[in-house]
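Residue numbers (our numbering): 142 to 445. Even for Gly, the Cβ is constructed at its ideal location relative to N, Cα and C. Here the structure is laid out as structure tokens; the discussion comes afterwards.
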């Protein structure tokens, strides 16, 4: 039997700065035993840290797209080697490289995030490049820089599902309403989410799973300074991730936006590693019994 293999890509950058804020998250997860936990699931694990060329300071835009170019090549190589790419990064815009590295028929996108990440330079209020990641991935902005990413092609709206988003800028919300992206909030029923997953499976053979940890409700722990109420409980998110990976083959996964400075009790770090385990267990054994139980009323009340 061929052993299962995983390649962990550590991208310790936030806004072009190494180890800054959410950029400290990936290495903290490694110190907490991430690679060992993946190995205990029966995966041969390779770990690689990604850095841009040159000396700091690194300008945000140039650095973000250089990282995406490197990640695209690393993910492409991992997939060719039969490895599952696992990207741990400070920012969500690493998705541009991760998706570009996958085979074309595996470029479905399942995006879990408290935020839309659907701003463009014309709609953004805060000017945060990372708040434009999904808009760039679907070809709405930054077309010059994305063209430099090996194998990049804009993902069609019909191949994207956005789950758990609840904090949107007004113009960003309007762009999303006008799109064909499938969307569901944290309070959506299983059947509503299944409809979106079934639709996605008609367009792609596999998907990239994007997990921004602030999709968790802030009562479950503060993943970063942008965390807010109205998200999933930890149990709900675990069940959701299992259902996603049961219905659609996950070809790559990213865990982003974890700021360990705001997680003194390490609740979010532990949850993050549990989420990765949930997905990898399903990848390892697609026929395992699914988690179907719904959350209790007290859990749902935690989001109010």
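Check	Outcome
Straight-line Cα distance separating residue 406 from residue 306	25 Å
From 286, 348, 309, residue whose alpha carbon lies closest to that of residue 299	348
Pair within 8 Å by beta-carbon distance, residue 350 and residue 212	no
Residue 371 versus residue 358 - alpha carbon distance	6 Å
Beta bridge counterpart(s) of residue 190 as assigned by DSSP	151
Stretch pair the stretch 420 to 431 + the stretch 390 to 405: three plus CB contacts closer than 8 Å	yes
Segments of 3+ residues assigned as beta strand (DSSP E) that fall wholly inside the stretch 213 to 300	224 to 230, 249 to 253
Check whether residue 367 and residue 166 have beta carbons under 8 Å apart	no
DSSP beta-bridge partners of residue 308	256
For residue 205, the nearest candidate out of 342, 233, 190, 216 (CA to CA)	233
Same chain, Cβ closer than 7 Å to residue 164, five either side skipped, listed in chain order	153, 154, 155, 158, 231
Residue burial classification, residue 195 (beta-carbon count within 10 angstroms, cutoff 16)	exposed
One or two residues paired with residue 351 in a DSSP bridge	252, 395
Boundaries of the beta strand (DSSP E) in which residue 323 is found, first to last residue	323 to 325
Proximity of residue 431 and residue 377 at Cβ, strictly below 8 Å	no
Where residue 429 falls, given that 16 or more other Cβ within 10 Å makes a residue buried	exposed
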